[in-house]
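Worksheet for the structure shown next.
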């Protein structure tokens, strides 16, 4: 049985503080805005899963190109 929820530690692109994001593989590829739990600035989060079931996670500042 495949685990549907996992967690990933990421660093905020603004303040550099580490936080943990819950990831749900049953939802497929996702793009959303998550506020940093420390500085409250919006981070753009992109989540995708490769064929092996490994997560591809990208987090960037909202104003990054």
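In my numbering, the protein residues as written are 202 to 266.
Where a beta carbon is used, it is the ideal one built from N, C-alpha and C, also for glycine.
For the beta strand (DSSP E) holding residue i, just list the boundary residues, first then last.
i: residue 238; result: No beta strand (DSSP E) holds residue 238; DSSP gives it neither H nor E.
i: residue 221; result: 219-225
i: residue 262; result: 256-262
Residues in the same chain with beta-carbon distance under 6 Å from residue i, minus the five sequence neighbours each way, listed in chain order, please.
i: residue 207; result: 224
i: residue 235; result: 244, 246
Out of curiosity, what's the CA-to-CA distance linking residue i and residue j?
i: residue 263; j: residue 246; result: 9 Å
i: residue 260; j: residue 220; result: 12 Å
i: residue 233; j: residue 222; result: 12 Å
Short of 8 Å in beta carbon distance, which residues of its chain neighbour residue i, apart from the five on each side in sequence? Order them along the chain.
i: residue 240; result: 213, 215, 216, 218
i: residue 265; result: 214, 245
i: residue 256; result: 207, 209, 224, 226, 248, 249, 250
i: residue 252; result: none
Leaving out the 5 sequence neighbours to the left and right, which residues in its chain are closer than 7 Å to residue i when beta-carbon positions are compared?
i: residue 171; result: Absent from the model: residue 171. The displayed extent of the chain is 202 to 266, so no value can be given.
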